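For the sequence shown, counting from 1, position 417 maps to 417 in full-length UniProt numbering; every step adds exactly one.
Note that beta-carbon positions come from the ideal geometry of N, C-alpha and C, so glycine has one too.
Being a predicted model, the structure only gives us computed values, none of them experimental.
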Amino acid sequence: MFPWKSILKFSRESTKPIYLQLADAIIKSIHEGHLFPGQKLPGARVLGDLLNLNRKTVTAALEELSSQGWVESYEWKGTFVSNKLPELKYKPLHNTGFREAVGETGRKVNKFRFLESLYLDYTNVRLIDDGVPDVRLSPLDTLYAYHRSILSKNAFSALLKYNHIEGDLDLRMTLTSYLHTTRGIVTDHQNIFITRGSQMAIYITVTALLKKGDYCITSLPGYQIVDNIINHSGGKVAHVAVDNEGIDVGEVDEICKKKKVRLLYITPHHHYPTTVRLSPKRRIELLQLAIKHNFYILEDDYDYDLHYDNSPLLPLASLNKDGRVIYIGSFSKCLSPSVRVGYFVAPKEIMEAANKLRRIIDRQGDPLLERAVSEFIKSGDLDRHLKKTVRIYKHRRDYFCALLQSNFSEYLSFIQPEGGMSVWLVFKNAEMLKNLPDKLLKQGYLLETDNIFIERFNGVRIGFASLNDVEMDKFIETVKHILD
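As structure tokens, then:
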């Protein structure tokens with residue numbers, strides 16, 4: 001008999017709902033090869049009896065797995081592991097935490113090359129961003145109340161001195177538990193490095209890993225800043241296409257056969273800029289390719305907490321193999337862009353290289369702010385804030401997409417995103433999109449050109465989270481006047 005009880009582990013003491021824990025456990029069992037494509041799962045009643053769970057709890061877990069594409073249900077037949085997943089070799093159960101990866105780590109720091117600076121004048125204009133939180137909803141009063149409380153304690157003076165280069169120890173300890181509870185990532189505080197936002201995390205990890213001539217795979221369209229960082233570090237960029245299942249992993253395989261690929265950058269949860277998520281099948285295939293071709297995966301999970309229709313797929317880092325996935329997160333997207341606290345999770349050898357590089361560009365972060373963020377998480381205030389903002393942003397997404405559909409269906413197309421703070425719009429007329437920024441600027445709106453991808457895509461990424469209903473109405477009315 002299959003050992004369901006010993007393989008599907010969950011904790012009744014966890015704050016995460018049991019049905020989501022069960023769904024996560026089944027996903028890990030699929031990934032480890034204990035469950036294989038086409039395998040029939042026990043019915044909800046039988047599995048519930050085996051695990052001492054309510055039938056409704058098991059049903060909810062199976063429905064969650066179905067919505068994510070891991071299982072398929074057929075009337076009168078039952079529920080089966082999806083046949084669309086690649087067959088995986090059986091692996092003994094083990095701790096999937098980070099281990100030191102094999103091979104050259106590229107710890108040498110390259111000489112700096114300064115890129116062209118970009119200066120934007122935000123005076124007297126309304127910025128149309130590519131997806132940032134509404135600062136009016138930011139709980140900064142609560143966050144800085146913890147900041148003031150820390151300053152009032154006798155031990156606070158230690159935080160005013162030179163501190164850990166890797167970031168505040170208390171925050172790293174808090175993140176160890178937080179990442180395990182919310183994202184299924186098993187790690188240790190020694191594998192967590194605090195940065196001033198996700199962009200610094202990308203810069204440090206890319207610069208630490210790439211030697212001159214090494215290739216990093218990114219998507220096209222993609223996050224241009226990452227391409228700039230790669231070029232600045234002396235590396236080379238290789239692009240792969242994106243469709244409605246995420247990046248084309250077949251192209252990744254072909255590139256790796258021809259070029260020396262050291263790293264792959266990806267935003268699997270909500271691809272930047274198109275907002276699509278990487279399918280379960282491609283997630284597994286990508287992890288297999290990382291092992292096959294011996295490259296690192298840099299997973300930028302910039303808005304994991306903002307999902308509206310289903311529970312989010314767990315990060316690639318939760319299924320980490322041999323420390324090949326470097327996980328990047330940030331509090332700037334869920335709190336405020338001004339809260340410059342991000343982090344990455346990586347194997348030991350990358351941490352050592354990052355420590356050296358951090359001392360060159362930024363001796364340390366802000367220990368007081370980092371400690372305040374730690375207290376904000378431990379108190380439960382972050383969870384409460386996320387529940388509130390997810391509800392608000394879901395309404396704004398629905399309202400914005402309804403306005404787009406009713407006003408611009410003849411000019412553009414889009415797919416309503418499952419999460420995040422922006423929508424990817426594809427214009428039917430490239431010239432219309434090309435002229436839009438200048439015409440909007442005359443009406444008092446600044447649409448940054450970095451958000452626009454005209455060549456080959458005729459696309460633009462527009463954020464909705466920072467606009468309320470009235471502001472959306474006004475913006476849409478302005479755009480409609482321009483396009484008509």
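Open item on the list: Taking a contact to mean a Cβ-Cβ separation below 8 Å, would you say Q21 touches S29 in this structure?
Closed with: no
- [ ] Please classify V135: is it buried, with 16 or more other beta-carbons within 10 angstroms of its beta-carbon, or exposed?
- [x] exposed
Task: Unbroken beta strand (DSSP E) run spanning V186, endpoints - done: V186 -> no beta strand (DSSP E), and no H or E assigned at all.
TODO: Measure the Cβ-Cβ separation of I328 and E299 and say whether it is below 8 Å.
DONE: yes
Open item on the list: Which residues does DSSP list as the beta-bridge partners of H239?
Closed with: T218
Open item on the list: Pull the bridge partners of H307 from the DSSP assignment, please.
Closed with: G419
- [ ] Return helix, strand or coil for T449, following the three-state DSSP convention.
- [x] helix
- [ ] Kindly indicate the opening and closing residues of the beta strand (DSSP E) around D300.
- [x] 296-300
TODO: With a cut-off of 8 Å on the beta carbons, I'd call Y265 and T207 a contact; round off their distance for me.
DONE: With a Cβ gap of about 13 Å, Y265 and T207 do not count as contacting.
- [ ] Return helix, strand or coil for K9, following the three-state DSSP convention.
- [x] coil
Task: Anticipated Cβ contact below 8 Å, H269 with R277, distance rounded - done: 6 Å
TODO: Tell me, to the nearest whole angstrom, how far the beta carbon of F400 is from that of L412; I am working on the premise that it is less than 8 Å.
DONE: With 8 Å as the limit, F400 and L412 do not qualify as a contact, their Cβ atoms being about 13 Å apart.
TODO: Compute the distance between the beta-carbons of F464 and P221, then report whether it is under 8 Å.
DONE: no
Task: Spatial neighbours of H180 in its chain, beta-carbon cut-off 7 Å, leaving aside the 5 residues before and after - done: V186
Open item on the list: If we require 4 or more residues per run, which alpha helix (DSSP H) segments fall completely within the region 229-284?
Closed with: 249-258
- [ ] Please work out which residues of its chain come closer than 6 Å, Cβ to Cβ, to T389, disregarding the five sequence neighbours upstream and downstream, and give them in chain order.
- [x] L137
Task: For T176 and D188, believed in contact at Cβ under 8 Å, the rounded distance - done: 6 Å
- [ ] Can you give me the start and stop residues for the beta strand (DSSP E) that Y343 sits inside?
- [x] 342-345
- [ ] Closer than 7 Å by C-beta to S6: which residues in its own chain qualify, once you throw out the five before and the five after it? Chain order, please.
- [x] none
Open item on the list: Please tell me whether G234 and L210 are closer than 8 Å, where the distance is taken between their beta carbons.
Closed with: yes
Task: Test item: CB-CB of P133 and K333 under 8 Å - done: yes
- [ ] Assess, as a yes-or-no matter, whether the region 429-436 is touched by the region 359-375 under the definition of 3 or more beta carbon pairs within less than 8 Å.
- [x] no
Open item on the list: Determine whether the beta carbon atoms of L85 and P280 lie at a separation below 8 Å.
Closed with: yes
- [ ] Check L382 in the structure and name its three-state DSSP category.
- [x] helix
Open item on the list: Suppose you measure from the CA of G342 to the CA of S66; what does that come to, to the nearest Å?
Closed with: 32 Å
Task: Through-space distance from G167 to F376, alpha-carbon basis - done: 16 Å
- [ ] Could you spell out the range, first to last residue, of the beta strand (DSSP E) harbouring V325?
- [x] 325-330
Task: Unbroken stretches of the alpha helix (DSSP H), 4 residues or longer, contained in the UniProt domain "HTH gntR-type" (16-84) - done: 18-31, 44-51, 55-68
TODO: Pick out whichever of D129, F193, S374 has its Cα sitting closest to the Cα of residue 492.
DONE: It is not possible to answer for residue 492, since the shown part of the chain is limited to 1 through 484.
Task: Where S198 falls: helix, strand or coil (DSSP) - done: helix
Open item on the list: Suppose the cutoff is 6 Å on Cβ atoms and the five residues either side in sequence are ignored; what does the same chain contact list for R83 look like?
Closed with: With the sequence shown as reference, residue 83 is identified as Asn, and Arg is not the correct amino acid for it. Same-chain partners within the cutoff: P37, G38.
Open item on the list: Just to confirm before moving on: does the CB-CB distance between F80 and K40 stay below 8 Å?
Closed with: yes
Task: Any C-beta of chain B under 8 Å from that of K474 - done: Reference to chain B is not applicable here, since this structure consists of a single protein chain.
Task: Distance CB(residue 485)-CB(P273) smaller than 8 Å - done: Here the chain comprises residues numbered 1 to 484, so residue 485 is not present and cannot be evaluated.
Task: Where F193 sits in the DSSP three-state scheme - done: strand
- [ ] From the DSSP output, in three-state form, read off I150 for me.
- [x] helix
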